[in-house]
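Residue numbers (our numbering): 10 to 132.
Contents: one structure, followed by commentary.
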């Protein structure tokens, strides 16, 4: 979304990464069917969007309550909500409650450098 900044954070409720394939995991035919039968676990991430273009990511995280508030909101099912304070210095400014959406989409912006390496950005 134009005008929004996304902060990418690892999901604390994500399952552990899969174990590497060992010789014990290969069945009698030797083709690793038992290892493939287990569900493939991919890393899980959570995205927090804040309005406007953030110049400093730490300042954007602090505007929604800091890293502990983000971690608590991600651990809670639906009860904990993040609250955005656009002007944290003004103590009487009411925080804006942020909505929670579950999705499996992740958009990346890739840029190939001249030396052949890639820069990755969350779009």
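Just so it is clear, CB atoms sit at the ideal spot from N, CA and C, and this is done for glycine as well.
These numbers come from a predicted model, not from an experiment.
Which residues DSSP lists as bridging residue i, in chain order
{"i": "residue 128", "result": "120"}
{"i": "residue 67", "result": "For residue 67, which the question treats as bridged, DSSP gives no partner whatsoever."}
{"i": "residue 92", "result": "106"}
Straight-line Cα distance separating residue j from residue i
{"i": "residue 116", "j": "residue 130", "result": "9 Å"}
{"i": "residue 104", "j": "residue 96", "result": "9 Å"}
{"i": "residue 114", "j": "residue 55", "result": "10 Å"}
{"i": "residue 65", "j": "residue 75", "result": "13 Å"}
{"i": "residue 121", "j": "residue 100", "result": "45 Å"}
{"i": "residue 83", "j": "residue 102", "result": "25 Å"}
{"i": "residue 88", "j": "residue 77", "result": "15 Å"}
{"i": "residue 98", "j": "residue 109", "result": "26 Å"}
{"i": "residue 124", "j": "residue 81", "result": "41 Å"}
{"i": "residue 61", "j": "residue 126", "result": "30 Å"}
Burial state of residue i (16 or more Cβ within 10 Å)
{"i": "residue 69", "result": "buried"}
{"i": "residue 85", "result": "exposed"}
Beta-carbon proximity check, residue i vs residue j, cutoff 7 Å
{"i": "residue 93", "j": "residue 71", "result": "no"}
{"i": "residue 107", "j": "residue 91", "result": "yes"}
Supposed close pair residue i, residue j - CB separation, criterion 8 Å
{"i": "residue 79", "j": "residue 59", "result": "Between residue 59 and residue 79 the Cβ distance is about 11 Å, and since that is not below 8 Å, they are no contact."}
Residue i beta carbon near the ligand NAD (any heavy atom closer than 6 Å)
{"i": "residue 59", "result": "Among the components modelled here there is no ligand, and therefore nothing to report on the ligand NAD."}
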